[in-house]
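Read through the structure below, which is laid out as structure tokens, and then see the notes.
Chains as they are written, first to last, in my numbering: chain A, 1 to 54; chain B, 1001 to 1520.
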């Protein structure tokens, strides 16, 4: 199960909030929190592609 | 009465129901006499065995009409001065000839075509020299005829039609295809050939499952992730998407690898294991309004648990731009191909044809394996050689790129991972504060868009080096302002570690990796 933490990171442009997603295998994905929030709005559970048998 | 036949037709008087045997109008004996004479005349005229090898005389005559040739003759006696021959002759025969095959005589002398006369329209002849009164002009011409075992011209009806064999000694017409299409062998077609779209690059990237930048075995649990390059996968149960050798050079066109879509042994979840690929709009628009054939090779594992060994196969089209097919679905979504195929444990090629809507700006495909019961050791299916062709024929399998390096580059437009061999340099940069430095990492190919996410296995596998030494960072993130399709801008952070005048290198160590995603 993925876990998500948000961290404030100092960048050249100043402080930004990034999402750090820790995956079940221990690996990480990092992206801007705004990008993460946009992806959450389009989860596969919202997909209009029906699964077989649906 | 003596019969007049065959010189002319007889005229008989039939007896009425009231006539007696002694009738003076139709004497009985005379009736028999007349009928016998007429029958004898007919027999004499026909001769013996008039039908020959045919069942009837009519059948024999009919055969003569289609396979034989008759020679017509038109005769004309001149009144003097005629330079054109046409119309009816003295025997009520209308002049008609097969242009180029006619022979024209005057008083028995054969004239030379194009010199002494011209004849082109089949109904009139123009003479160079006028006839003299009393001349006899004759036009002789063979009829058109059919040659046994020849293919009649009527087999073809339009420009570009092609005569193709449907079997031994039989042919049919294959109507010409669309402009630019290609004639290909097709054993499913009656004539063994079909017109297909131009054979161009297979638009499916990583169709032979060669490229696995994220690793050759991807574990998935209740999530949707990218697995083998360009394939978006998901599962409701613990599943593994792994690269396997096909191990078959008989039923596959020498494709080395496949993807194994497997529900892990012992799992009881029965939501579908999905395997999909969506094309960005720039690669999808060329299919709008076209007939396409979607093909792939697949086989089932020995414990494949889907009911009836089914694998659902769907192709979708949409009218949006660069949408993630599984995550969001398509705007204006249509489903031009919706099939359920039945797998066996032997590799087979499957092909399905559909029509993409004329307004489509997106296409993608989805395979769904819906497991049942508890997974056994081999609850999987293998798939490879996925292809999309224009037209209704699955052409021989081919990759998108002509080389493996080209295929890798095509995939790196969407995702690029650097994996450590030993102290792999990633890029260099400068300190922008005591808490961080900015590094530039160039991409090997231009990305689809500036990367939106990075991934790595452990911060301890990433290290910076500067004049004052090095360490592992506390965070590594994409710089939101300085980031492009050509290179990544990375902010590397650790408090009180950098100088604003310092120059630093970023490295991978200890089997680490760093990936950049520009996926749909």
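Glycine is no exception: its CB is placed at the ideal position from the N, C-alpha and C atoms.
Determine the chain B residues that contact residue 2(A) at a beta-carbon separation under 8 angstroms, and present them in chain order.
Counted from its first residue, the first chain places residue 2(A) at position 2. Near residue 2(A) (Cβ distances below 8 angstroms), the residues of chain B are 1223.
Identify every run of the alpha helix (DSSP H) within the stretch 1401 to 1483 of chain B, keeping only runs that are complete inside it and at least 4 residues long; order them along the chain.
Whole alpha helix (DSSP H) segments, 4+ residues: 1404 to 1412.
Taking only three categories from DSSP, how would you classify residue 1028(B)?
Residue mapping note: residue 1028(B) aligns to position 28 of the second chain, counting from 1. Three-state result, residue 1028(B): helix.
Our contact map puts residue 12(A) next to residue 1432(B) with C-beta atoms below 8 angstroms; I'd like the distance itself, whole angstroms only.
Here residue 12(A) corresponds to residue number 12 of the first chain, with the count starting at 1. Here residue 1432(B) corresponds to residue number 432 of the second chain, with the count starting at 1. Confirmed, Cβ separation roughly 5 angstroms.
Determine the burial state of residue 54(A): buried for a count of at least 16 other Cβ atoms within 10 Å of its Cβ, exposed for fewer.
The sequence position of residue 54(A) within the first chain is 54, counting from 1. Note that residue 54(A) scores 48 on pLDDT, short of 50, meaning its location in the model is unreliable and no value can be drawn from it.
Starting from residue 1075(B), follow its DSSP beta bridges and name the residues at the other end.
In the second chain, residue 1075(B) corresponds to position 75, counting from 1. DSSP, once it has assigned bridges, lists 1138(B) as partnering residue 1075(B).
For the alpha helix (DSSP H) holding residue 59(A), just list the boundary residues, first then last.
No statement about residue 59(A) is possible, as the shown extent of chain A runs from 1 to 54 and does not include it.
Checking contacts by CB at 9 angstroms: is residue 1459(B) closer than that to chain A?
Taking the first residue of the second chain as position 1, residue 1459(B) is located at position 459. So, interface residue.
Taking the DSSP output, what are the residues bridged to residue 1503(B)?
What you label residue 1503(B) is simply residue 503 of the second chain in a count that begins at 1. Paired residue(s): 1430(B).
Say whether chain B places a C-beta atom closer than 9 angstroms to the C-beta of residue 53(A).
Counted from its first residue, the first chain places residue 53(A) at position 53. Its pLDDT being 45, under 50, residue 53(A) is placed unreliably in this model, and the value from its coordinates should be taken loosely. So, interface residue.
For residue 1210(B) versus residue 1241(B), is the C-beta spacing smaller than 9 angstroms?
Reading the second chain from its first residue, position 210 is the one you call residue 1210(B). Reading the second chain from its first residue, position 241 is the one you call residue 1241(B). No, Cβ-Cβ distance for residue 1210(B) and residue 1241(B) is not below 9 angstroms.
I believe residue 1319(B) touches residue 1360(B) by the beta-carbon criterion, under 8 angstroms. Please report the beta-carbon distance rounded to the nearest angstrom.
Here residue 1319(B) corresponds to residue number 319 of the second chain, with the count starting at 1. Here residue 1360(B) corresponds to residue number 360 of the second chain, with the count starting at 1. Their Cβ separation, rounded to whole angstroms, is 7 angstroms, which keeps residue 1319(B) and residue 1360(B) in contact under 8 angstroms.
For the stretch 1158 to 1171 of chain B against the stretch 1341 to 1354 of chain B, do three or more pairs of beta-carbon atoms, one drawn from each stretch, fall closer than 8 angstroms, so that the two count as touching?
Because the criterion of three Cβ pairs below 8 angstroms is not met, the stretch 1158 to 1171 of chain B and the stretch 1341 to 1354 of chain B do not touch.
So for residue 1043(B), helix, strand or coil by DSSP?
Here residue 1043(B) corresponds to residue number 43 of the second chain, with the count starting at 1. Of the three classes helix, strand and coil, the one that applies to residue 1043(B) here is helix, per DSSP.
Whose C-beta lies closer than 7 angstroms to the C-beta of residue 1269(B) among residues of the same chain, with five residues either side of it excluded?
The count along the second chain starts at 1 and reaches residue 1269(B) at position 269. So the list reads 1236 and 1237, once near-sequence residues are dropped.
I'd like to know whether the C-beta atoms of residue 1272(B) and residue 1414(B) end up nearer to each other than 9 angstroms.
The residue labelled residue 1272(B) in the question sits at position 272 within the second chain. The residue labelled residue 1414(B) in the question sits at position 414 within the second chain. No.
Quick one: which chain B residues come within Cβ less than 8 angstroms of residue 28(A)?
Here residue 28(A) refers to the residue found at position 28 of the first chain. Under the 8 angstroms cutoff, chain B gives 1455, 1456, 1457, 1458 and 1459.
With 9 angstroms set as the bound, which would you pick, yes or no: does the beta-carbon of residue 1252(B) sit closer than that to a beta-carbon of chain A?
The sequence position of residue 1252(B) within the second chain is 252, counting from 1. No, no contact with chain A.
In chain order, what residues of the stretch 12 to 42 of chain A put their CB closer than 8 angstroms to some CB of chain B?
Going along the stretch 12 to 42 of chain A in chain order, one finds 12, 13, 16, 18, 20, 24, 25, 26, 27, 28, 29, 30, 31, 32, 35, 39 and 42 with a Cβ nearer than 8 angstroms to chain B.
Taking the C-alpha atoms as reference points, what is the distance between residue 1205(B) and residue 1427(B)?
Sequence index remark: in the second chain, residue 1205(B) carries index 205 (1-based). Sequence index remark: in the second chain, residue 1427(B) carries index 427 (1-based). When rounded, the distance between both Cα atoms is 29 angstroms.
List the DSSP bridge partners of residue 6(A).
In the first chain, the residue the question calls residue 6(A) occupies position 6. Paired residues: 19(A).
Can you tell me where the alpha helix (DSSP H) with residue 1282(B) in it begins and where it stops?
Working through the second chain from its first residue, we reach residue 1282(B) at position 282. Residues 1281 to 1284.
Can you name the start and end residues of the alpha helix (DSSP H) that residue 1325(B) belongs to?
For this step, residue 1325(B) is matched to residue 325 along the second chain. 1325 to 1328 is the extent of the alpha helix (DSSP H) around residue 1325(B).
Residues in its own chain within less than 6 angstroms of residue 1357(B) by CB, not counting five upstream and five downstream?
In the second chain, the residue the question calls residue 1357(B) occupies position 357. The answer, listed in chain order, is 1317 and 1334.
I need the straight-line Cα distance from residue 1113(B) to residue 1119(B), nearest angstrom please.
For the purposes of this step, residue 1113(B) is identified with residue 113 of the second chain, where counting begins at 1. For the purposes of this step, residue 1119(B) is identified with residue 119 of the second chain, where counting begins at 1. So the alpha carbons of these two residues sit roughly 8 angstroms apart.
Going by the DSSP bridge assignment, what does residue 1113(B) pair with across the sheet?
Counted from its first residue, the second chain places residue 1113(B) at position 113. DSSP, once it has assigned bridges, lists 1117(B) as partnering residue 1113(B).
Would you be able to state if there are at least three C-beta pairs under 8 angstroms between the stretch 1361 to 1380 of chain B and the stretch 1278 to 1296 of chain B?
Cβ pair count under 8 angstroms is three or more, so yes.
What runs of the alpha helix (DSSP H), each 4 residues or longer, lie entirely inside the stretch 1318 to 1372 of chain B?
Whole alpha helix (DSSP H) segments, 4+ residues: 1325 to 1328.
Alpha carbon to alpha carbon, how far is residue 37(A) from residue 1448(B)?
As a first step, residue 37(A) is located in the first chain; it is residue number 37 there, counting from the start. As a first step, residue 1448(B) is located in the second chain; it is residue number 448 there, counting from the start. Whole-angstrom Cα-Cα distance: 21 angstroms.
With distances taken between CB atoms, is the gap from residue 1458(B) to residue 2(A) smaller than 9 angstroms?
Mapped onto the second chain, residue 1458(B) falls at position 458. Mapped onto the first chain, residue 2(A) falls at position 2. Against a cut-off of 9 angstroms, the Cβ pair of residue 2(A) and residue 1458(B) comes out as no contact.
If we cut at 9 angstroms on Cβ distances, does residue 1502(B) have a partner in chain A?
To locate residue 1502(B), count along the second chain from 1; it is residue 502. No, residue 1502(B) lies away from the interface with chain A (no Cβ there is under 9 angstroms from its Cβ).
Kindly indicate which residue of 1083(B), 1084(B), 1228(B) and 1008(B) has the alpha-carbon position closest to the one of residue 1274(B).
Within the second chain, the letter at position 274 stands for residue 1274(B). Answer by Cα proximity: 1228(B).
Here's the rule I'm using: 16 or more other beta-carbon atoms within 10 Å means buried, otherwise exposed. How should residue 1429(B) be labelled?
On the second chain, position 429 is the one that residue 1429(B) refers to. So residue 1429(B) ends up on the buried side.
Hey, how far is the Cα of residue 1220(B) from the Cα of residue 1487(B)?
Translated into positions along the second chain, residue 1220(B) becomes position 220. Translated into positions along the second chain, residue 1487(B) becomes position 487. Taking the straight line joining both Cα atoms gives about 30 angstroms.
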